[in-house]
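Undergrad: Offset between the sequence shown (1-based) and the numbering used here: plus 7.
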Amino acid sequence: MTFDPRESIRESVSKRICDHEECADEGTHRAPIRGQAGQYHWFCLKHVREYNKAWNYFEGMSDEEVAAYRHNTNTWHRPTWSVTGKSRKTTTKKAIFDGIDDQFGLFRDDPLGMESLSVRRPKRRVPGPVAKSLRRLGLSTEATPQEVKIRYKELAKRFHPDLNGGNKEAEERLKRINEAYSYLVSAGHA
Numbered sequence: 008m009t010f011d012p013r014e015s016i017r018e019s020v021s022k023r024i025c026d027h028e029e030c031a032d033e034g035t036h037r038a039p040i041r042g043q044a045g046q047y048h049w050f051c052l053k054h055v056r057e058y059n060k061a062w063n064y065f066e067g068m069s070d071e072e073v074a075a076y077r078h079n080t081n082t083w084h085r086p087t088w089s090v091t092g093k094s095r096k097t098t099t100k101k102a103i104f105d106g107i108d109d110q111f112g113l114f115r116d117d118p119l120g121m122e123s124l125s126v127r128r129p130k131r132r133v134p135g136p137v138a139k140s141l142r143r144l145g146l147s148t149e150a151t152p153q154e155v156k157i158r159y160k161e162l163a164k165r166f167h168p169d170l171n172g173g174n175k176e177a178e179e180r181l182k183r184i185n186e187a188y189s190y191l192v193s194a195g196h197a
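#1: May I ask you to list the residues that DSSP assigns as paired with Y47?
#2: Could you tell me how far apart the beta carbons of A187 and P152 are, in whole angstroms, since I believe they sit closer than 8 angstroms?
#3: Out of E66, R85, N81 and L191, state which residue places its alpha-carbon closest to the alpha-carbon of R142.
#4: Measuring CB to CB, does A163 end up less than 8 angstroms from N171?
#5: Only counting the same chain, and skipping five residues up and downstream in sequence, which positions put a Cβ closer than 8 angstroms to that of V155?
#6: Judging by CA-CA distance, which residue of D70, H36, E71 and S69 is the nearest neighbour of R56?
#7: Going by alpha carbons, who is nearest to W49 out of P134, N174 and A31?
#8: Are E66 and C51 touching if we call contact CB-CB under 8 angstroms?
#9: List the endpoints of the continuous alpha helix (DSSP H) containing N185.
#10: For H6, count neighbouring Cβ atoms within 10 angstroms of its own Cβ and tell me buried if that reaches 16, exposed if not.
#11: Would DSSP call E33 helix, strand or coil?
#12: Using a Cβ-Cβ cut-off of 8 angstroms (strictly less than) and excluding sequence neighbours within five positions of H167, which residues of its own chain qualify?
#13: Whose C-alpha, out of Q46, T82 and I184, is nearest the C-alpha of K160?
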């Protein structure tokens with residue numbers, strides 16, 4: 008007969024008696040002892056169910072401690088700090104991302120760039136056909152490519168034949184808008 012170490016483990020485990028008072032059944036289920044890391048009670052199935060039903064993790068904690076615990080679950084109870092290492096109250100978003108090449112505007116306060124629409128820019132010289140196309144879209148010669156795209160989408164939705172019940176005037180207007188936008192794209196202004 009060969010020695011099987013698993014048999015000796017099973018025998019030692021099977022000799023445990025339920026930790027519940029007045030119970031002589033076999034203790035096959037372990038349950039953690041509160042406040043004693045790595046220490047366990049051994050219960051029979053009936054008493055481990057009772058123990059689990061009565062378990063209250065927050066027992067003995069104040070309301071503030073429970074609130075702090077719930078707040079810290081967002082970060083899995085790991086320490087956190089701001090990106091710059093300074094207090095969040097004194098750090099602005101601009102200071103945090105200062106020096107980052109933000110080509111797509113992901114770290115701006117206004118990621119869509121809508122704030123820039125109202126900023127006054129110096130007048131620039133625009134060729135005649137480009138100015139005519141911009142006017143057709145209802146834009147000034149200072150319009151940025153982003154403004155052109157936004158305005159085109161807006162006008163295309165407004166004058167689309169499906170939304171205007173097949174109105175011929177709206178259809179003709181949409182054709183002129185499409186021509187103007189196509190020209191601006193080919194000229195590099197959209």
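From the three backbone atoms N, C-alpha and C, an ideal C-beta is built for every residue, glycine too.
TA: In brief:
#1: Mapped onto the sequence shown, residue 47 falls at position 40. Its beta-bridge partners are P39.
#2: In the sequence shown, the residue the question calls residue 187 occupies position 180. In the sequence shown, the residue the question calls residue 152 occupies position 145. So it is not a contact: roughly 14 angstroms between Cβ atoms.
#3: Here residue 142 refers to the residue found at position 135 of the sequence shown. Of the listed residues, the one whose Cα sits closest to R142 is L191.
#4: The residue you call residue 163 lines up with position 156 of the sequence shown. The residue you call residue 171 lines up with position 164 of the sequence shown. Contact flag unset, no.
#5: On the sequence shown, position 148 is the one that residue 155 refers to. Excluding positions up to five away in sequence, the list reads L141, L144, L146, Y188, L191, H196 and A197.
#6: In the sequence shown, counting from the first residue as 1, residue 56 sits at position 49. Here the closest residue by C-alpha is H36.
#7: For the purposes of this step, residue 49 is taken as the residue at position 42 of the sequence shown. For W49, the nearest C-alpha among the options comes from A31.
#8: For the purposes of this step, residue 66 is taken as residue 59 along the sequence shown, with counting starting at 1. For the purposes of this step, residue 51 is taken as residue 44 along the sequence shown, with counting starting at 1. Cβ distance not < 8 angstroms, so E66 and C51 don't count as in contact.
#9: What you label residue 185 is simply residue 178 of the sequence shown in a count that begins at 1. Unbroken alpha helix (DSSP H) run through N185: K175 to A194.
#10: Lying before the first or after the last residue shown, residue 6 is absent from the chain, which here runs from 8 to 197.
#11: Taking the first residue of the sequence shown as 1, we reach residue 33 at position 26. Strand at E33.
#12: As a first step, residue 167 is located in the sequence shown; it is residue number 160 there, counting from the start. The residues are A177 and L181.
#13: On the sequence shown, residue 160 is found 153 positions in, with the first residue counted as 1. Answer by Cα proximity: I184.
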